[in-house]
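All remarks here apply to the structure that follows.
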Amino acid sequence: MSLKPFYRKTWAEIDLTALKENVRNMKQHIGEHVHLMAVVKANAYGHGSAQVAKAALEEGASVLAVALLDEALSLRAEGIEEPILVLGAVPPEYTGIAADKRIIVTGYSVQWLKEVLGFLDGVDTPLEFHLKIDTGMGRLGCKTEEDIKEMMEMAESSSKLNCTGVFTHFATADETDTDYFNMQLNRFEELTKPLPLDRLMVHSSNSAAGLRFKKQLFNAVRFGISMYGLSPSTEIKDELPFRLREVFSLHTELSHVKTIKKGESVSYGATYTAEHDEWIGTVPVGYADGWLRRLAGTEVLIDGKRQKIAGRICMDQFMISLDEEYPVGTKVTLIGKQEDEWISVDEIAQKLQTINYEITCMISSRVPRMFLENGSIMEIRNPILPNHI
């Protein structure tokens with residue numbers, strides 16, 4: 001690549017080789033007869049939706065899933081022609097656009113479907129939808145046999161509608177207690193009995209359920225968080241059927257190195273005061289990049305060693321207490337591996353008292369994504385600048 005389309009020393013690396021391995025292992029786990037639906041919503045959980053989608057499709061995914069119609073349209077603009085399901089609510093007035101672009105939407109209520117029909121006049125392509133059943137998540141979906149029957153009758157009686165799938169979402173599939181999961185599964189099986197399941201894509205399993213409960217796969221599985229090499233929860237991390245390979249890492253470089261004297265302070269609020277003369281390194285990463293202020297005092301990797309963040313994290317920079325002098329340009333790893341040391345996404349999630357999903361999603365679009373396969377750079381995306389400046 002002759003041009004490096006970013007001009008700061010901070011970037012996220014997306015290991016497409018690891019992602020493809022996760023997809024292959026999941027395909028082998030669920031069997032060839034089960035569709036693998038690659039979930040690439042929220043910019044593929046912060047990884048890069050188009051690149052992840054293409055990699056997953058290459059390894060056997062047959063459907064993509066997003067949360068918003070805008071996300072689906074973005075994938076179409078990238079030249080992706082495979083089926084895309086929008087898992088979230090699409091406003092009825094925009095469903096004609098979805099039909100025109102052959103994007104599958106979620107049908108979640110009788111009222112919604114009635115409103116949709118009013119916006120499909122003049123649309124040549126039938127609107128394809130998957131019927132969503134709420135079995136206990138309390139989010140989107142119809143809950144009664146009557147509503148399901150009415151929605152199916154509406155679809156069958158209108159040339160503008162085509163129901164091609166039915167699904168639900170488990171609330172506790174990533175927990176060791178399976179009582180609520182079993183309740184939802186039983187409810188889903190009961191409510192779908194009258195439906196022509198032999199001609200529908202039926203999916204209830206997310207990553208957690210797909211990894212743990214092979215008997216409840218139906219004919220499709222939504223592969224989300226674990227496609228990115230992350231366990232759906234710490235509770236089930238030790239019972240997964242194959243090793244997940246983490247896909248995301250985050251790096252920067254030292255931009256400035258200096259000494260401070262005993263008693264001198266660092267960063268806003270002067271919350272860090274040197275107890276002895278020491279080296280301080282500055283890096284161009286801050287909370288505007290998603291490295292939150294709550295991570296003050298945690299560690300990064302330099303030269304394969306853990307070094308502590310000194311003082312408060314600023315919007316665009318933070319400082320590090322160094323064990324020795326390092327040259328400007330030395331690589332600093334915030335998430336990922338250096339030599340034998342590793343800072344995982346789960347470690348950062350634990351420090352922030354949240355889940356791993358949130359960590360990769362919170363790294364902002366200001367951080368360029370570098371996509372690698374077999375160690376080679378395949379592409380770099382920087383949303384701030386066009387790639388050909």
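Just so we're aligned: 143 in full-length UniProt numbering is position 143 of the sequence shown, and the numbers increase by one with no gaps anywhere.
From the three backbone atoms N, C-alpha and C, an ideal C-beta is built for every residue, glycine too.
Through-space distance from phenylalanine 119 to arginine 245, alpha-carbon basis:
Distance between the alpha carbons of arginine 245 and phenylalanine 119: 45 Å.
Alpha-carbon to alpha-carbon, leucine 250 and tyrosine 287
Approximately 14 Å, taken between the alpha carbons.
Spatial neighbours of lysine 143 within its chain, please: CB distance less than 6 Å, with the 5 preceding and 5 following residues excluded, ordered by chain position.
Excluding sequence neighbours, lysine 143 sits near Asp134.
Find out if the Cβ-Cβ distance for the pair leucine 200, valine 166 is shorter than 8 Å.
A contact, by the Cβ cut-off of 8 Å.
Which residues does DSSP pair with aspartate 323 in a beta bridge?
Bridge partners of aspartate 323: none, in fact.
Return the first residue and the last residue of the beta strand (DSSP E) that phenylalanine 218 is part of.
No beta strand (DSSP E) holds phenylalanine 218; DSSP gives it neither H nor E.
Check whether the Cβ atoms of serine 207 and proline 241 sit closer than 8 Å, and answer yes or no.
Contact check for serine 207 against proline 241 fails: the beta carbons are separated by 8 Å or more.
For the alpha helix (DSSP H) that leucine 113 lies in, which residues bound it at each end?
Element bounds for leucine 113: 110-117.
In three-state DSSP terms, what is serine 249?
Three-state DSSP puts serine 249 in a strand.
Return helix, strand or coil for threonine 17, following the three-state DSSP convention.
DSSP places threonine 17 in helix when its eight states are reduced to three.
Could you name the residues of the same chain whose beta carbon sits closer than 8 Å to that of glycine 297, not counting the 5 residues immediately before and after it, in chain order?
Correct list, in chain order: Lys308, Ile309.
Below 8 Å on the Cβ atoms is my guess for lysine 101 versus valine 66; work out the distance and round it to an integer in Å.
Wrong, their Cβ atoms sit about 12 Å apart, outside the cutoff.
Which residues in the same chain as asparagine 356 place their Cβ atom closer than 6 Å to its Cβ, once the five residues preceding and following it in sequence are excluded?
Sequence-distant Cβ neighbours of asparagine 356 in its own chain, meaning closer than 6 Å and more than five residues away, are Leu230, Val345, Asp346, Ala349.
At a cut of 8 Å, does the region 258-272 reach the region 63-77 through at least three beta carbon pairs?
In this structure the region 258-272 does not lie against the region 63-77, because fewer than three pairs of beta carbons, one per stretch, are closer than 8 Å.
Mind reading off the beta-carbon distance from phenylalanine 248 to alanine 209? Whole number of angstroms is fine, and I expect it under 8 Å.
23 Å between Cβ atoms; not a contact.
My output table needs one value for cysteine 314: the three-state DSSP class, helix, strand or coil.
In the three-state scheme derived from DSSP, where H, G and I count as helix and E and B as strand, cysteine 314 is classed as coil.
Give the DSSP-derived three-state secondary structure of threonine 360 in the structure shown.
Collapsing the DSSP output to three states places threonine 360 in a helix.
Going by DSSP in three states, phenylalanine 129 sits in which element: helix, strand or coil?
Looking at phenylalanine 129 - three-state DSSP - the assignment turns out to be strand.
For threonine 273, does the three-state DSSP call read helix, strand or coil?
DSSP, reduced to helix, strand and coil, places threonine 273 within a strand of the structure shown.
Within 10 Å of its beta-carbon, does isoleucine 384 have 16 or more other beta-carbons around it, so buried, or fewer, so exposed?
Exposed, since its Cβ has fewer than 16 Cβ neighbours within 10 Å.
Assigned exposure category for serine 157 - 16 Cβ within 10 Å defines buried:
Counting of Cβ neighbours within 10 angstroms places serine 157 among the exposed residues, the total staying below 16.
Alpha helix (DSSP H) containing lysine 331: first to last residue?
Taken as a continuous stretch (DSSP letters only), lysine 331 belongs to no alpha helix (DSSP H), being part of the beta strand (DSSP E) at 331-338.
Candidates His29, Glu21, Lys9, of which the one nearest lysine 214 by Cα:
Across the set His29, Glu21, Lys9, the C-alpha of His29 shows the shortest separation from the C-alpha of lysine 214.
Own chain, CB closer than 8 Å to methionine 362, minus 5 neighbours either side, in chain order
So the qualifying residues of the chain are Gly46, Gly290, Leu292.
Suppose you measure from the CA of alanine 270 to the CA of proline 327; what does that come to, to the nearest Å?
Spanning the two alpha carbons is a distance of roughly 25 Å.
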